[in-house]
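Read left to right, the sequence shown gives residues 0 to 244 (numbering that gives the first Met the number 0).
Note that the Cβ used here is the ideal one computed from N, Cα and C, for glycine as well.
Small disclaimer: the values here were computed from a predicted structure and weren't measured.
One structure is given below, encoded as structure tokens.
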Amino acid sequence: MTAPNDRVDGGGVPVPTTPAGASSTAPAEYPPASPAGRGMFGNQGSGDVSGYGGLVRPRRAIEDAARPYGGWFDEVADALEEAYPAFGEAIEKVVVDRGELTLHVRPERIAEVCQVLRDDLALRFELCSSVSGVDYLGAEERRLHAVYQLTSMTYRRRIRLEAAVSAEDPHLPSVTAVYPTADWQEREAYDMFGIVFDGHPNLTRILMPDDWEGHPQRKDYPLGGVPVEYKGAEIPPPDQRRSYQ
0 MTAPNDRVDG
10 GGVPVPTTPA
20 GASSTAPAEY
30 PPASPAGRGM
40 FGNQGSGDVS
50 GYGGLVRPRR
60 AIEDAARPYG
70 GWFDEVADAL
80 EEAYPAFGEA
90 IEKVVVDRGE
100 LTLHVRPERI
110 AEVCQVLRDD
120 LALRFELCSS
130 VSGVDYLGAE
140 ERRLHAVYQL
150 TSMTYRRRIR
160 LEAAVSAEDP
170 HLPSVTAVYP
180 TADWQEREAY
190 DMFGIVFDGH
200 PNLTRILMPD
210 DWEGHPQRKD
220 YPLGGVPVEY
230 KGAEIPPPDQ
240 RRSYQ
């Protein structure tokens, strides 16, 4: 049986060949950060969105929506603007996309906006169901985004808040005093993305050991890994493989 990287000539003798697109160096060359989100290893036709499957996914610019937003979105925006005089200063932009309303909030104002959204009788977003992080490496100067999913059980509505900070100054006010459900969720965003929630009652790691260095879900975090042996063949960890561009 010939090796995977051998070809057989006309006489049936295996001849070593170099895989098309393979780099001759190891460890792997990291894929450059680009707006297209190009990945590695030459995999095509899959649904892999990890950034390392060769999938090229164009990044669509999300524009500020113009009024009227449609449906009850205008009611929420009007009620928030009336209840919160600093609306124009605090809200960087309003996005309506795929039937969802997202308010992009200045980082220092996020807790104030949450307080109004929870307490105002015309809004009543009583539940914060999720606080998560996103890293837009190479696309935005303020690359780290904290995303808040809010639900009004009174009016059966859902909106999203988003606050962006830089990796050099990743500080946001904690919203745990407004939404106690955000306690462990903010800890996870801190652990995985390094977003620091000022005023959190116990901002420690929740998934990684306390002495762990770095934040594993940032896109510039090394792939790492351990070699795996499978049926006599050793597969090196991702950061030691040759890259297939």
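So, for residue i: in the same chain, excluding its five sequence neighbours on each side, which residues have a beta-carbon less than 6 Å away from its beta-carbon?
i: residue 106; result: 162, 164, 171
i: residue 207; result: 190
i: residue 121; result: 78
Looking only at its own chain, which residues have a Cβ that is under 7 Å from the Cβ of residue i, when we skip the five neighbours before and after it?
i: residue 175; result: 181, 182, 185, 199, 200
Measure the alpha-carbon distance for residue i versus residue j and round it to whole angstroms.
i: residue 116; j: residue 225; result: 46 Å
i: residue 222; j: residue 212; result: 14 Å
i: residue 152; j: residue 72; result: 16 Å
i: residue 30; j: residue 85; result: Residue confidence is low: residue 30 scores 45 on pLDDT, short of 50, so the model does not pin down where it sits. No coordinate-derived value is stated.
i: residue 274; j: residue 227; result: With the chain represented from 0 up to 244, any question about residue 274 goes unanswered, as that position is not in the structure.
i: residue 87; j: residue 66; result: 14 Å
i: residue 150; j: residue 237; result: 40 Å
i: residue 126; j: residue 192; result: 23 Å
Throw me the rounded Cβ distance for the residue i and residue j pair, which I believe falls under 8 Å.
i: residue 114; j: residue 128; result: Contact doesn't hold; Cβ gap of about 17 Å is too wide.
i: residue 110; j: residue 177; result: 6 Å
When you compare the CB positions of residue i and residue j, do they come within less than 8 Å of one another, or not?
i: residue 166; j: residue 131; result: no
i: residue 134; j: residue 216; result: yes
i: residue 76; j: residue 68; result: yes
i: residue 157; j: residue 101; result: no
i: residue 103; j: residue 94; result: yes
i: residue 169; j: residue 202; result: no
i: residue 173; j: residue 209; result: no
Which residue wins for smallest C-alpha separation from residue i, given the options the options?
i: residue 137; options: 231, 219, 239, 230; result: 219
i: residue 92; options: 64, 193, 122; result: 64
i: residue 89; options: 98, 79, 95, 97; result: 79
i: residue 155; options: 61, 124, 238; result: 124
i: residue 139; options: 70, 85, 61; result: 61
Any heavy atom of the ligand MN closer than 7 Å to the CB of residue i?
i: residue 194; result: This structure lacks the ligand MN, and indeed carries no ligand of any kind.
Got a sec: is the Cβ-Cβ distance from residue i to anything in chain D below 8 Å?
i: residue 224; result: Looking at the structure shown, chain D is missing, and only one protein chain is on hand.
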